[in-house]
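Heads up: the sequence shown runs through residues 0 to 439, numbered per numbering that gives the first Met the number 0. The C-beta atom is built at its ideal place from N, Cα and C for all residues, glycine as well. To keep things clear, I will list the structure first and then write my remarks on it.
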Amino acid sequence: MEHFDTIVIGAGVAGLTAARLLAKADRQVVVLEARDRVGGRVWTDRADGLVTDLGASWIHGINDSPVAAAAEAFGMPMVEFTVGGYQPDSRPIAYYGVDGTRLTDAAAQAFIDDIHTVDATLLDTVAASAPDASYRDVTEAALAAQGWHDERTQRVREYLEHRSEEQYGAWIEDLAAHGLDDDTVDGDEVVFPDGYDRLPAGLAEGLDVRLSHVASGVEWSAEGVVVVTDRGTFSAASAIVTVPVGVLQSDDFVIDPPLPQPVAGALSRLTMNAFEKVFLRFPTKFWDDEVYAIRQQGPEGRWWHSWYDLTPLHGTPTLLTFAAGPAAVETRDWDGEQLVESILDQLERLYGDRMQPPTHVTLTAWQDDPFARGSYAYMTVGSTTADHDDLATPIGGVLHIAGEATWTDDPATVTAALCSGHRAAANVLGRDIPLDQIWT
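The structure is reproduced here in structure tokens:
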């Protein structure tokens with residue numbers, strides 16, 4: 000049995016950040032990773048000469064962002080692409096009405112104004128909501144306060160449903176009322192034309208990372224920790240567990256003794272989402288120029304309502320859409336051809352004969368990944384924002400949990416993962432660590 004000062008389970012951004020900081024503090028650290036690569040849910044596919052980020056894609060707001068600072072230090076080119084938390088405007092968006100025709104500028108602006116009106120009401124409604132209120136409950140209350148006719152109300156209701164799906168891969172009734180409290184973006188958003196995986200690769204440099212080591216559990220006591228993997232057993236004075244919420248909740252990963260409160264309660268109120276990406280590359284661009292996003296209203300947009308133009312990243316005509324929430328659940332067992340046909344039916348509805356078959360399609364399947372079990376975590380009904388930080392409460396002075404689900408200010412992001420790894424390392428050391436040590 001090998002012994003270390005600290006064992007880090009998971010070579011995603013949270014785990015690598017923690018390990019990097021501990022190693023710089025002269026601690027003997029090993030990172031155990033189940034996959035055959037580093038990065039976790041930061042995963043770039045480079046098949047056929049194409050660069051496609053299958054997991055994390057964006058920095059959601061680069062102002063004072065430690066991820067942006069790390070990316071710059073690692074020499075990662077960035078391209079501005081601001082989607083702003085399913086924003087209704089501020090970037091060119093082509094809206095299509097219930098009948099499939101593009102809204103006039105005046106009609107689109109009226110719809111956008113309605114969204115802003117409801118959002119202004121929603122702030123107070125969420126603040127006054129009951130502990131067990133869902134996001135559906137608070138949005139319905141905000142809509143009712145407007146006194147609009149049914150058709151006008153329904154268009155904004157659809158938008159709010161889709162926002163819940165695209166932000167958290169959750170149906171609106173399943174998301175806690177406070178589930179989108181973090182839905183703010185500070186500064187431009189950026190993507191990485193050379194791939195987001197350059198970040199974990201930079202973080203991993205020089206570390207002792209053991210790939211293809213599947214951990215099945217952690218035993219902890221006042222004396223330290225023992226981690227069991229399919230390639231041997233490891234012991235240490237402390238451990239940082241960075242596996243996703245879905246793995247923490249599974250029978251395939253056992254923590255013994257079981258997690259105490261408040262950690263166990265927080266974990267029980269979070270769950271992994273259903274959120275998949277679909278990249279469609281075309282021979283030519285058949286949609287309008289200078290459009291960030293395409294959105295359609297009405298029943299036809301129940302699943303496929305939004306497409307994002309990624310053409311500026313590499314010059315190849317590319318649209319990205321999401322199977323999110325109900326769409327991801329209901330199409331989970333579909334084959335790729337059936338899924339793509341369903342999406343193309345909606346594009347053809349909007350563009351007619353201009354629409355062309357794609358030359359290349361990339362689909363993700365995070366729901367079926369045993370080391371993820373979804374794309375990221377969200378707050379179920381009854382959860383509070385404090386559950387994120389409570390999940391990271393140090394356990395017995397030897398066990399720490401980190402990852403995107405454990406950071407209240409900006410959960411479900413790479414920023415949350417990085418910051419949580421920084422916090423876990425500081426907790427292990429019992430002192431503050433300058434954040435910029437991650438990349439200097």
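Its chain contains T51 and F278 as the residues whose beta carbon lies nearer than 6 Å to that of T361, once the 5 sequence neighbours on both sides are disregarded; these appear in chain order. Judged by DSSP in its simplified three-state form, G335 adopts helix.
Rounded to the nearest whole angstrom, the CA to CA distance from R280 to G60 is 27 Å.
The count of Cβ pairs closer than 8 Å, one atom from the stretch 386-403 and one from the stretch 188-195, stays below three, leaving the stretches out of contact. Comparing alpha carbon positions, the residue from S211, A238, A214 and R230 closest to S220 is A238. Residue pairing for F191: DSSP places it in no beta bridge. Linking S382 to G324 through their CA atoms gives a straight-line distance of about 18 Å. Beyond the five residues adjoining it in sequence on each side, S215 comes within less than 6 Å, by CB distance, of V227 in the same chain, given in chain order. Ranking E32, F3 and H148 by CA distance to the CA of A371 puts E32 first.
The Cβ-Cβ distance between T138 and L122 does not fall below 8 Å. Of D287, A127 and L338, the smallest CA-CA separation from Y94 is found for D287.
Distance from the CA of P243 to the CA of G146, rounded to the nearest whole angstrom, comes to 42 Å. Between the alpha carbons of I58 and A415 lies a gap of roughly 11 Å.
A distance below 6 Å between beta-carbons, with the five flanking residues on each side excluded, links R348 to the following residues of its chain, in chain order: G99. When DSSP states are grouped into helix, strand and coil, E222 belongs to the coil group.
For the stretch 116-149, not one full-length beta strand (DSSP E) segment reaches 3 residues or more. Secondary structure note for E71: its alpha helix (DSSP H) is the uninterrupted segment P65 to A72. By the C-beta density criterion, D409 is buried, having at least 16 other C-beta atoms within 10 angstroms. Shown here for A322: same chain residues with a beta carbon closer than 6 Å to its own, the five before and five after excluded, namely E275 and T330 in chain order. Counting along the chain, K276 sits inside no alpha helix (DSSP H); it lies in the beta strand (DSSP E) bounded by residues F274 to R280. With fewer than 16 other Cβ atoms from the protein chains shown falling within 10 Å of its own Cβ, E172 counts as exposed. When the Cα atoms are used, S374 and R151 turn out to be separated by approximately 33 Å. A residue is called buried when at least 16 other Cβ atoms come within 10 angstroms of its Cβ; A175 meets this threshold and is buried.
A distance below 7 Å between beta-carbons, with the five flanking residues on each side excluded, links H387 to the following residues of its chain, in chain order: A404, T405, W406, T407 and P410. The three-state reading of DSSP puts G216 in strand, counting E and B together. H304: not part of any alpha helix (DSSP H); DSSP gives it neither H nor E. According to the DSSP assignment, V244 belongs to no beta strand (DSSP E) but to the alpha helix (DSSP H) extending over V244 to L247. Annotated three-state conformation of H359 is strand, per DSSP.
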